[in-house]
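Colleague: Mind the numbering: the sequence shown is residues 1 to 208 in the UniProt record's numbering, read in order.
Glycine residues also receive a C-beta, built at the ideal position from the N, C-alpha and C atoms.
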Amino acid sequence: MTDPLFDVARPRPVLASRLLHEGRIWDLRSDDVDLGEAGVVTREWIDHPGAVATIAVDDEGRVLLLRQFRHPVGRELWEPPAGLLDVAGEEALLAAQRELAEEADLRAATWHVLADYFTTPGGNNEALRVFLARDLSPVPEDERHVREDEEMSMVPAWVSLEEAVDGVLQGRLHNPSTVVGVLALAAARAHGYEHLRPGDAPWPERRA
């Protein structure tokens, strides 16, 4: 191929759509989709608000990961600071900045986009943007967020990028934003961060 690979928006006609379950965060829907020559198929999928994650890098080049319990998989996973896009009208970059402050007590002066991806395109429409945050500074003590639920037991760790990449490639780290973010950071650093998009780059894949 001579042209670059590019995912395109090309939805198929939805003949009927049903709400099967209205959840606290996301809903379960069933759609009858017209695939043309292949006929009409029924697809059940989760309608998701989307999310952001941040790979924070300190002056020594270390990456911040947080150990957090995830009930569906029954594991404590090492993850970057992250959160849902569940505040109406909030820009993705502002959401990432808020989550970094709330979960890691950190602010960053320099922001770029590392990667955009769909977490499970065969089963939900969650779009997730992974940011790179650098030039870090602590949130003042009197402005720090009071953590609740699973966030109360989060354990932070600063690890070298090499250690994080090794953890991904050896199958020791499984959170998707960790996998995508760490490998994207390694590729970006190898190219001198020249091809990264700005933190406020357009994100058409995000659900309206």
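(1) Give a yes or no on whether the C-beta atoms belonging to A184 and V146 are separated by under 8 Å.
(2) Is it the case that the Cβ atoms of D31 and V40 are separated by a distance below 8 Å?
(3) Let's test the definition: count the other Cβ atoms within 10 Å of the Cβ of V8 and tell me whether it reaches 16, buried, or not, exposed.
(4) Does the segment 195–202 come within contact of the segment 101–120, defined as at least 3 CB pairs closer than 8 Å?
(5) Label S177 either buried or exposed according to how many other C-beta atoms from any shown protein chain fall within 10 Å of its C-beta, with 16 as the threshold for buried.
(6) Report the rounded CA-to-CA distance for L15 versus T119, giving the unit in angstroms.
(7) Please state the DSSP three-state secondary structure of L196.
(8) How should H191 be labelled, buried or exposed, when 16 other C-beta atoms within 10 angstroms of its C-beta is the threshold for buried?
(9) Would you mind working out which of E102, Q170, N125 sits nearest P138, comparing C-alpha positions?
(10) Less than 6 Å between C-beta atoms, sequence neighbours within five positions excluded: which residues of the same chain meet that for A95?
Modeller: In short:
(1) Taking the first residue of the sequence shown as position 1, residue 184 is located at position 184. Taking the first residue of the sequence shown as position 1, residue 146 is located at position 146. No, Cβ-Cβ distance for A184 and V146 is not below 8 Å.
(2) For the purposes of this step, residue 31 is taken as the residue at position 31 of the sequence shown. For the purposes of this step, residue 40 is taken as the residue at position 40 of the sequence shown. Going by C-beta atoms, D31 is not nearer than 8 Å to V40.
(3) What you label residue 8 is simply residue 8 of the sequence shown in a count that begins at 1. Flag for V8 reads exposed.
(4) Verdict: yes, contact present.
(5) Here residue 177 is taken as the residue at index 177 of the sequence shown, counted from 1. Around the beta carbon of S177, 16 or more other beta carbons lie within 10 angstroms, which makes this residue buried.
(6) Reading the sequence shown from its first residue, position 15 is the one you call residue 15. Reading the sequence shown from its first residue, position 119 is the one you call residue 119. Pairing L15 with T119, the inter-Cα distance amounts to about 25 Å.
(7) Indexing the sequence shown from 1 puts residue 196 at position 196. Note: L196 maps to coil in three-state DSSP.
(8) For this step, residue 191 is matched to residue 191 along the sequence shown. With fewer than 16 other Cβ atoms within 10 Å, it is exposed.
(9) On the sequence shown, residue 138 is found 138 positions in, with the first residue counted as 1. For P138, the nearest C-alpha among the options comes from E102.
(10) Position 95 of the sequence shown, counted from the start, is the residue given in the question as residue 95. For A95, where only same-chain residues beyond five positions count, the Cβ hits under 6 Å are V52, L85.
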